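Everything in the sequence shown is counted per this note's numbering, starting at 36 for the first residue and increasing by one.
Ideal Cβ placement from N, Cα and C applies to all residues, glycine included.
Nothing here was measured: the structure is a model prediction, and the numbers come from that model.
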Amino acid sequence: MRIYKYMLPKLKIYRPIRRNRISQGFGVENTAPHLLEAYKKMGMRGHNGVDLVVDHKPLFWNCNVRGFVYKISVDVKGGIGLDIISQTREGYYKHRYWHLKEGSIIVKEGDWVDSGQLLATTGNTGWSTGPHLHYGLKPVIRDMNNIYHNSLQNNGYYGAVDLAPFFTNIFILNLMKVLYEQVLSLMRRIFKTQRSLLNKNI
Ligand SMILES: [Zn+2]
36 MRIYKYMLPK
46 LKIYRPIRRN
56 RISQGFGVEN
66 TAPHLLEAYK
76 KMGMRGHNGV
86 DLVVDHKPLF
96 WNCNVRGFVY
106 KISVDVKGGI
116 GLDIISQTRE
126 GYYKHRYWHL
136 KEGSIIVKEG
146 DWVDSGQLLA
156 TTGNTGWSTG
166 PHLHYGLKPV
176 IRDMNNIYHN
186 SLQNNGYYGA
196 VDLAPFFTNI
206 FILNLMKVLY
216 EQVLSLMRRI
226 FKTQRSLLNK
236 NI
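1. What would DSSP say about Y215, mapped onto helix, strand or coil?
2. Are the CB atoms of V142 and L172 nearer to each other than 8 Å?
3. Give the list of continuous beta strand (DSSP E) stretches no shorter than 3 residues that lie fully inside the stretch 164–190.
4. Under 8 Å by Cβ, that's how I've got V89 and I52 pegged, so tell me the actual separation to the nearest angstrom.
5. Between T157 and H130, what straight-line distance do the alpha-carbon atoms span, to the nearest angstrom?
6. Short of 7 Å in beta carbon distance, which residues of its chain neighbour F103, apart from the five on each side in sequence? Order them along the chain.
7. Is Y49 closer than 8 Å to I207 when the C-beta atoms are compared?
8. Which of the three DSSP states is assigned to H91 in this structure?
9. Ends of the alpha helix (DSSP H) at Y193?
10. Between which two residues does the alpha helix (DSSP H) harbouring L71 extend?
11. I'd like to confirm the pairing. Which residues does DSSP put opposite K227 in its beta bridges?
12. Pull up the DSSP beta-bridge partners for R50, would you.
13. Which value, in whole angstroms, describes the spacing of the CA atoms of Y193 and F202?
14. Fully enclosed by the stretch 79–162, which beta strand (DSSP E) runs are 3 residues long or longer?
15. Within 7 Å: the Cβ of G84 and any heavy atom of ligand 1?
16. Do the CB positions of L210 and A155 come within less than 8 Å of each other?
17. Indicate whether Y128 and L187 have their beta-carbon atoms separated by less than 8 Å.
18. May I have the straight-line CA-CA distance separating E137 from D86, to the nearest angstrom?
19. Among V175, Y39, R124 and Y132, whose alpha-carbon lies nearest the alpha-carbon of G161?
20. Does the Cβ-Cβ distance between H91 and H134 come in under 8 Å?
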């Protein structure tokens with residue numbers, strides 16, 4: 036079946052880890068001043084994602100749609116990273132998680148992951164001054180060979196954009212719990228109605 040854009044939900048991003056303290060936000064105005072020069076040397080205007088202080092903790096797929104595990108990077112020196120693609124009404128987005136713990140990624144390239152699914156453990160690999168999770172978001176387009184390309188590659192952040200417009204600061208597993216409870220109470224209501232209808236028939 037062909038998927039039309041209007042059939043897809045809007046992109047929603049939740050917190051991928053249980054606790055969160057943002058140490059560095061997105062963009063030149065949220066970049067730690069002492070790191071600005073380093074980002075400039077790497078060809079960027081400033082920080083190209085959000086840094087969450089977290090010490091080797093579980094990382095979960097944190098969107099409202101299923102994700103496609105696109106790429107796993109395992110160069111310890113460059114950092115262990117995971118790229119997951121989401122498809123929503125806004126199009127395709129690449130979600131990039133970096134500095135993961137060596138050997139901790141439990142998904143494979145080509146896997147589909149559900150909201151709240153465990154992906155890996157955060158860590159301190161690559162260019163990192165302390166354990167944290169770098170989370171980047173890049174709008175991408177898919178070519179005929181199923182390769183995804185950054186659609187804003189020359190925006191000064193190698194295609195990354197601020198995730199703030201899509202972000203709700205609720206831990207994804209807490210959200211799943213809320214949804215689960217809503218489904219349960221709905222089922223209880225349906226069951227109750229059915230039972231009272233049955234009683235009437237008897
Ligand atoms: Zn970062």
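Here's the rundown:
1. Y215 falls in the helix class under three-state DSSP.
2. At least 8 Å separates the beta-carbon of V142 from that of L172.
3. 167–177 and 183–185
4. So it is a contact: roughly 5 Å between Cβ atoms.
5. 15 Å
6. I119, I120 and W147
7. Yes, the pair counts as a contact, with Cβ atoms nearer than the cut-off.
8. coil
9. Here Y193 belongs to no alpha helix (DSSP H), and DSSP marks it neither H nor E.
10. L71 to K76
11. Answer is none; K227 lacks a bridge partner.
12. Beta-bridge pairing by DSSP links R50 to F206.
13. 21 Å
14. 85–88, 93–95, 102–110, 114–123, 126–135 and 153–156
15. yes
16. no
17. no
18. 19 Å
19. Y132
20. no
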